[in-house]
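Residue numbers (this note's numbering), protein chains in the order written: chain A, 655 to 869; chain B, 245 to 510. To start, the structure under review is shown below, and the notes come after it.
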């Protein structure tokens, strides 16, 4: 279970304090897939970074009783000048997984072929997304933080992601930040709607999407 | 193959940390020196390239003896600690921001990143100490330090000081840009007041007292005492030095932890 309570995050820029998240609470149970809906700049990615432990909150608590992936977004978490293979080696060492297993899994899932021996900075957005997602699936977390990554892949990748997350790992949790309602409907059962840093959880997904569309 | 959840014991925590630091070390070598095997040679060669020409130049300008002691061992034992201090400090400026991507992996802490970098710099510096010693010894420019334990003790304190200073500089540089601006002039001024150019014994008593408040000057006294043995008078005080460095280290660790709050990850 992940329990987020009273989360606030402020940034300072040009001498002014800017509050990005204000008193946001959210609970994610094992096996639950929760959407985070919000327009650009609503604080979705910030919330993901805080839950993933990349940044530290200004105030509030995050209790993590599950292993949580790093935020799987369009960037971050990798060294662009290193090859796909070297990035995998680094991750394999950190999480103490055999490199051969990781490599085989990523090769099969992400279908990047010879690109794995090229520097990551030469990858397209879609390739990076596939690489990051495949790698996190290979490590095997209890909860995946997915920030628009699924939307970045093509149809085939979306179908395989769906298979992996729902058929083979139905007991895993996911927090999916997106503003594409089709993807949210296909993956999630509940939603947190973020607007100007404030958040409200809806158990009725359709209601959440309707409210988000009105924002 | 599942990732374990929280609640790790200290023992497991240490095992994880060792693995993470090892992975960071390898990554740092790859990103800094490339993947060719020559890259590993560079770790040793980099400090040497700085040190050898400078040392030859100075000893040529200044003659072989000064204040009755040999110039080459004096400069050798002075310059390599300078490189350690400068390279460690220079490497950590804004290092949290520069490595923010690594923080995506919650197992990697900023202290791990720091330790990874510091180990590489210290390892390179020690290798350079040995290599340059071998070189100068082979051409008869320097002798084996007379009091080796004292030399090691001095170098240990010098390493500790460089680490403490790097923690402070690294932590402060996350808060404010001007730390990076003053680092350059400071690291040059350091040449003058650190003890690289002098022994405390050569100073008038008041100035000597002030100089010996500095932990690095203390470390220099011990290093020089080690190199020259009873031939010179030195004033190193290990107890005082250890105390000051412990305080500075705690301050640096605190700054580093606070620095985490200022990090904005892209």
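Glycine included, every Cβ here is placed at the ideal spot set by N, Cα and C. Predicted model, so just to flag it, every value in this text is computed and none were measured.
Report task. Report buried or exposed for residue 776 of chain A, applying the criterion of at least 16 other Cβ atoms within 10 angstroms of its Cβ. Result -> exposed
Report task. For chain A, find out if any of its Cβ atoms is closer than 9 Å to the Cβ of residue 345 of chain B; answer yes or no. Result -> yes
Query raised in the report: Who are the near neighbours of residue 718 of chain A in its chain, counting only those whose CB is closer than 6 Å to its CB and skipping five residues on each side?
Result: 656
Query raised in the report: By a C-beta neighbour count over all protein chains shown, 10 Å radius and 16 as the cutoff for buried, is residue 249 of chain B buried or exposed?
Result: Note on residue 249 of chain B: pLDDT 43, under 50, position unreliable in the model; the coordinate value appears next. Result: exposed.
Query raised in the report: Beta carbon of residue 850 of chain A, beta carbon of residue 696 of chain A: below 9 Å?
Result: yes
Query raised in the report: Exposed or buried, which one is residue 320 of chain B when buried takes at least 16 other CB atoms within 10 Å?
Result: buried
Query raised in the report: DSSP state of residue 310 of chain B, grouped into three classes?
Result: strand
Query - As assigned by DSSP and simplified to three states, the class of residue 386 of chain B - result: coil
Query raised in the report: What are the residues that DSSP puts in a beta bridge with residue 489 of chain B?
Result: Looking at the DSSP assignment, residue 489 of chain B forms no beta bridge with any residue, so it has no partner.
Query - Range of the contiguous beta strand (DSSP E) that encloses residue 714 of chain A - result: 713-718
Requested in this report: Using a Cβ-Cβ cut-off of less than 9 Å, list which residues of the segment 407-419 of chain B approach chain A; keep chain order.
Outcome: none
Query raised in the report: Does the separation of the CB atoms of residue 348 of chain B and residue 708 of chain A fall below 9 Å?
Result: yes
Query raised in the report: To the nearest whole angstrom, what separates the beta carbons of residue 791 of chain A and residue 763 of chain A, a pair I think is in contact under 8 Å?
Result: 6 Å
Query raised in the report: Residues of chain B with a CB under 8 Å from the CB of residue 736 of chain A: which are they?
Result: 271, 274, 275
Query - Straight-line Cα distance separating residue 757 of chain A from residue 456 of chain B - result: 56 Å
Requested in this report: Check residue 453 of chain B in the structure and name its three-state DSSP category.
Outcome: helix
**Report entry** Exposure label - residue 367 of chain B; buried when at least 16 CB within 10 Å
**Finding:** exposed
Query raised in the report: Are any of the Cβ atoms in chain B nearer than 9 Å to that of residue 709 of chain A?
Result: yes
Requested in this report: Check whether the segment 406-425 of chain B touches the segment 337-352 of chain B, taking contact to mean three or more Cβ pairs, one atom from each stretch, closer than 8 Å.
Outcome: yes
Query - Proximal residues to residue 468 of chain B (C-beta, below 7 Å), its chain only, five neighbours per side dropped - result: 321, 443, 476, 478
Requested in this report: Would you please state the rounded distance, in angstroms, between the beta carbons of residue 768 of chain A and residue 811 of chain A? I believe it to be under 8 Å.
Outcome: No, residue 768 of chain A and residue 811 of chain A are not in contact; Cβ-Cβ is about 18 Å, not under 8 Å.
Query - 8 Å contact criterion, which residue 682 of chain A and residue 674 of chain A should meet: CB distance rounded - result: At roughly 20 Å, the Cβ-Cβ gap does not stay under 8 Å, so residue 682 of chain A and residue 674 of chain A are not in contact.
Report task. Pull out every residue of the segment 256-268 of chain B whose Cβ sits closer than 9 Å to any Cβ of chain A, in chain order. Result -> 259, 260, 263, 264, 266, 267, 268
Query - Minimum C-alpha distance to residue 725 of chain A - residue among A:698, A:734, A:738 - result: A:698
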